[in-house]
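Undergrad: Take a look at the following structure, please.
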Amino acid sequence: MKTLSEPNHGSEQLFQPKEHFKIELTSNPSTGYIWEVTKIDPSMLLMVYEDQIRYTSEKIGLGSLMIFEFEALKSGETDLELIYRRTWDPNSVMNRFYIKIQIQ
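Just so it is clear: in the sequence shown, position 51 is 51 by full-length UniProt numbering, and no numbers are missing.
So this is what it looks like as structure tokens:
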């Protein structure tokens, strides 16, 4: 399974129908910021899994890794976007992750 992360932002990715892929992005939920999917075409992509793995340490405010798993459903082209923000404040966007997806 292909895993994408921050360096893949703005790239074009190729998948086959029924293929799964992951996106792993660092976050710091103790500050209120998390990643959330804001642009997805449910006819083309299915989010099958979302989780947050906290880094283990004694340090206060240490971040975590957010993991999103998707399945490509059918041939075509689509965009996928996630934003990093405080969920209660729509104007608090600190980062974006965007990829263009080709499914063939």
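Each residue gets a CB set at the ideal place from its N, CA and C atoms; glycine is no exception.
Where does Ile101 land, buried or exposed, given buried means 16+ other C-beta within 10 angstroms?
TA: As a first step, residue 101 is located in the sequence shown; it is residue number 101 there, counting from the start. Taking a 10 Å sphere around the C-beta of Ile101, we find 16 or more other C-beta atoms and assign the residue as buried.
Undergrad: When you compare only the Cα positions, how much space is there between Ser30 and Ser64?
TA: As a first step, residue 30 is located in the sequence shown; it is residue number 30 there, counting from the start. As a first step, residue 64 is located in the sequence shown; it is residue number 64 there, counting from the start. Their Cα atoms are separated by approximately 9 Å.
Undergrad: Among all the DSSP beta bridges, which residues are the ones paired with Asp41?
TA: Translated into the one-based positions of the sequence shown, residue 41 becomes position 41. DSSP, once it has assigned bridges, lists no residue as partnering Asp41.
Undergrad: Look at Phe21 and Lys39 and say whether their C-beta atoms are less than 8 Å apart.
TA: Reading the sequence shown from its first residue, position 21 is the one you call residue 21. Reading the sequence shown from its first residue, position 39 is the one you call residue 39. It is not a contact, given that the beta carbons lie outside the stated cut-off.
Undergrad: Name the two residues that bound the continuous beta strand (DSSP E) containing Met66.
TA: In the sequence shown, residue 66 corresponds to position 66, counting from 1. Met66 -> beta strand (DSSP E) spans Ser64 to Ala72.
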